[in-house]
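Engineer: When the sequence shown is numbered by the working numbering, its final residue is 433 and no position is left out of the sequence of numbers.
Pasting a structure below so you can have a look.
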Amino acid sequence: MGLVLQQIIRQRLPGSRWSSAKGVSPRNNSRGETPQLFHKEMRQESHATKAAASLARTIDYDKQAAEDAAAADKAAGNAEGYAKDARASADQAELDASAARSAATQAEQDAKEARSAADRADTAATEAEQAAKDADKYAKEAQQAAEQTEDKKNGEQIQTGTILDAEGHIGNVFYVVDHYEKSATRRPCPRRRPATTGKAGSSTQATAPSPRRSPTRRSSTCTCALRMTSTRRTTSAPPSRRCTSASSPPRR
Numbered sequence: 182m183g184l185v186l187q188q189i190i191r192q193r194l195p196g197s198r199w200s201s202a203k204g205v206s207p208r209n210n211s212r213g214e215t216p217q218l219f220h221k222e223m224r225q226e227s228h229a230t231k232a233a234a235s236l237a238r239t240i241d242y243d244k245q246a247a248e249d250a251a252a253a254d255k256a257a258g259n260a261e262g263y264a265k266d267a268r269a270s271a272d273q274a275e276l277d278a279s280a281a282r283s284a285a286t287q288a289e290q291d292a293k294e295a296r297s298a299a300d301r302a303d304t305a306a307t308e309a310e311q312a313a314k315d316a317d318k319y320a321k322e323a324q325q326a327a328e329q330t331e332d333k334k335n336g337e338q339i340q341t342g343t344i345l346d347a348e349g350h351i352g353n354v355f356y357v358v359d360h361y362e363k364s365a366t367r368r369p370c371p372r373r374r375p376a377t378t379g380k381a382g383s384s385t386q387a388t389a390p391s392p393r394r395s396p397t398r399r400s401s402t403c404t405c406a407l408r409m410t411s412t413r414r415t416t417s418a419p420p421s422r423r424c425t426s427a428s429s430p431p432r433r
């Protein structure tokens, strides 16, 4: 640094003592300079030294300024990148907000539809409950009507009876099956009347005509034992069973 300053001083101050040989003083100066001139030269050298120092500081300041400018440029680039990222984040946030608004609208619509479906289900449940009550009522009425019909039928059966005679049913008279018997000999049917002797010595049997069937002459024998019982009016009639007869075709 000192050599640089000396060169600068020699260039700017050619008449100074630095331009002559080293170690020359004002007294032994060949040109015979006065002390005032010497002091003037010293002041000039001082100003030159200050100027050189200022130039050195200026150079340092320029270098530092260049470094600061480079750092500022780098910071500006980073800031620009951050700004781009911020803009991208803002755009993404706007898209997310729009999607969130759409999702909220759809959720609200779904909630309305769910409420409507719940109202319809409630109405259907109320109608189903009312239909069940009506069905129960109709079932009870049908059961009551069936019981009344059965009671009426039983009453009519008790009044008419199940034993037939020549004129029809005998009232309050029923027959039930006691037991079955299988034997080699045939027993006469109790419903058959005794045989009568007709003309030319022929024997015929008269049977009581049934009101539901046309009277015909049949030769039949009963293989079941019957028990005749007389009962009063009851709520239900005992089970009935007709005689099993082996009949032959009518005679002509």
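Every residue gets a Cβ at the ideal spot worked out from N, C-alpha and C, and that includes glycine.
Can you tell me the Cα-Cα spacing of A326 and N335, whole angstroms?
Structural biologist: So the alpha carbons of these two residues sit roughly 14 Å apart.
Engineer: Quick check: what's the CA-CA separation for T239 versus E275?
Structural biologist: Cα-Cα distance, rounded: 51 Å.
Engineer: Label A295 either buried or exposed according to how many other C-beta atoms from any shown protein chain fall within 10 Å of its C-beta, with 16 as the threshold for buried.
Structural biologist: Classification for A295: exposed.
Engineer: Determine the burial state of A229: buried for a count of at least 16 other Cβ atoms within 10 Å of its Cβ, exposed for fewer.
Structural biologist: A229 should be labelled buried.
Engineer: Please classify A323: is it buried, with 16 or more other beta-carbons within 10 angstroms of its beta-carbon, or exposed?
Structural biologist: Flag for A323 reads exposed.
Engineer: For A134, is the classification buried or exposed, using 16 other Cβ atoms within 10 angstroms of its Cβ as the cut-off for buried?
Structural biologist: Residue 134 lies beyond the range of the chain shown here (182 to 433); nothing can be said about it.
Engineer: Would C281 be called buried (16 or more neighbouring beta carbons within 10 Å of its own) or exposed?
Structural biologist: Sequence check: residue 281 is Ala here, not Cys. Per the 10 Å Cβ criterion, exposed.
Engineer: Pull up the distance between the alpha-carbon of A264 and that of S279, whole angstroms please.
Structural biologist: A264 and S279: Cα-Cα distance of roughly 22 Å.
Engineer: Put Q225 into one of helix, strand or coil per three-state DSSP.
Structural biologist: Looking at Q225 - three-state DSSP - the assignment turns out to be helix.
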